[in-house]
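Residue numbers (the numbering used here): 4 to 304.
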């Protein structure tokens, strides 16, 4: 006779659902908090009560499981738009499948005693061991971060292009921009997301004094730029942003705060004031398809 401890199953499922929701928020760049993540996890875990109540076995149909996942997404993220909801739900399923498949594979190769009870993997009469969950979480994160996002970028990069307008000192610049999931740059102090823009394009809205200083010091010594503008009103807009990409292992990117920016995508317009323009002194696209890289966090404002 197999003995199943419902409290152990409940706690393990609570932890696993929390990790799945946390990774979903991370990859969709959705702002949430630990309390809503906990509520979503609790909603999914309470569903397990039906395992031990014979009269509630009808909840284990495919339809009820789908409705449960919908409820979890609503409780955790409360997405205002259908597009956001579908994206969150898609990542939720993707991460769940990766974590579930990885957990089962690890259990299989570790030669553990395992059986299924109403769709739940039970190991050694308790549930999935904690170390299996930790390893599955790490593998799921790596898979989504480095493989899935790479495939997604290669297949759908043309669909992530947006029209970017930068407003600065009574001037404006319109360029094509790419919403880049690899761009997670933020101002280290204010945590404001950074948009990387080619310097040659930005020259259209910068005045001659600023261009003269940038031309002389942009590649050589960024600190000199700050020093030269120390007594200028422009100094309050300047930022130094550390980065570890764009062709360098480590480096500093000079940026400035515009008056505002406007993004146009999928028949929508988004205006944002809290952002930083990072100045990049090379071409971002060899073909010239875009002149800027947009941090996805900006789309959540």
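Positions of the beta carbon are idealized from the N, C-alpha and C atoms, including for glycine.
Determine, using beta carbons only, whether residue i and residue j come nearer to each other than 8 Å.
{"i": "residue 295", "j": "residue 180", "result": "yes"}
{"i": "residue 23", "j": "residue 106", "result": "no"}
{"i": "residue 176", "j": "residue 266", "result": "no"}
{"i": "residue 279", "j": "residue 242", "result": "yes"}
{"i": "residue 246", "j": "residue 257", "result": "no"}
{"i": "residue 298", "j": "residue 196", "result": "yes"}
{"i": "residue 94", "j": "residue 27", "result": "yes"}
{"i": "residue 211", "j": "residue 283", "result": "no"}
{"i": "residue 64", "j": "residue 39", "result": "no"}
{"i": "residue 305", "j": "residue 262", "result": "Examination of residue 305 is not possible in this model, given that the chain is present from 4 through 304 alone."}
{"i": "residue 182", "j": "residue 163", "result": "yes"}
{"i": "residue 244", "j": "residue 188", "result": "yes"}
Once the 5 residues before and after residue i are set aside, which same chain residues still bring their CB inside 7 Å of it?
{"i": "residue 13", "result": "48 and 51"}
{"i": "residue 88", "result": "76 and 82"}
{"i": "residue 35", "result": "28, 79 and 80"}
{"i": "residue 25", "result": "40"}
{"i": "residue 31", "result": "90, 91 and 94"}
Considering only residues of the same chain and omitting the five flanking positions on each side of residue i, which have a CB-CB separation below 6 Å?
{"i": "residue 75", "result": "43, 46 and 47"}
{"i": "residue 41", "result": "none"}
{"i": "residue 268", "result": "165"}
{"i": "residue 140", "result": "22"}
{"i": "residue 96", "result": "none"}
For residue i, which residues in the same chain have their Cβ closer than 8 Å to its Cβ, ignoring the five residues on either side in sequence?
{"i": "residue 174", "result": "207 and 208"}
{"i": "residue 20", "result": "43, 44, 47, 48 and 75"}
{"i": "residue 160", "result": "Reliability of the predicted coordinates at residue 160 is poor, the pLDDT of 49 falling under 50, and the value obtained from them is presented with this limitation in mind. Only 181 meet the Cβ criterion."}
At which residues does the beta strand (DSSP E) containing residue i begin and terminate?
{"i": "residue 263", "result": "263–268"}
{"i": "residue 239", "result": "Premise fails: residue 239 is in no beta strand (DSSP E) and is neither H nor E."}
{"i": "residue 169", "result": "164–171"}
Taking the DSSP output, what are the residues bridged to residue i?
{"i": "residue 281", "result": "199 and 258"}
{"i": "residue 295", "result": "180 and 200"}
{"i": "residue 275", "result": "264"}
{"i": "residue 243", "result": "257"}
{"i": "residue 189", "result": "196"}
{"i": "residue 174", "result": "171"}
Thinking residue i and residue j are a contact (beta carbons under 8 Å), I'd like their distance in whole angstroms, please.
{"i": "residue 281", "j": "residue 199", "result": "4 Å"}
{"i": "residue 143", "j": "residue 102", "result": "5 Å"}
{"i": "residue 37", "j": "residue 91", "result": "About 17 Å; that fails the 8 Å criterion."}
{"i": "residue 259", "j": "residue 240", "result": "5 Å"}
Does the beta carbon of residue i sit closer than 8 Å to a beta carbon anywhere in chain B?
{"i": "residue 188", "result": "Absent here is chain B; the protein component of the structure consists of one chain."}
In terms of residue numbering, what span does the alpha helix (DSSP H) encompassing residue i cover?
{"i": "residue 76", "result": "65–80"}
{"i": "residue 44", "result": "37–49"}
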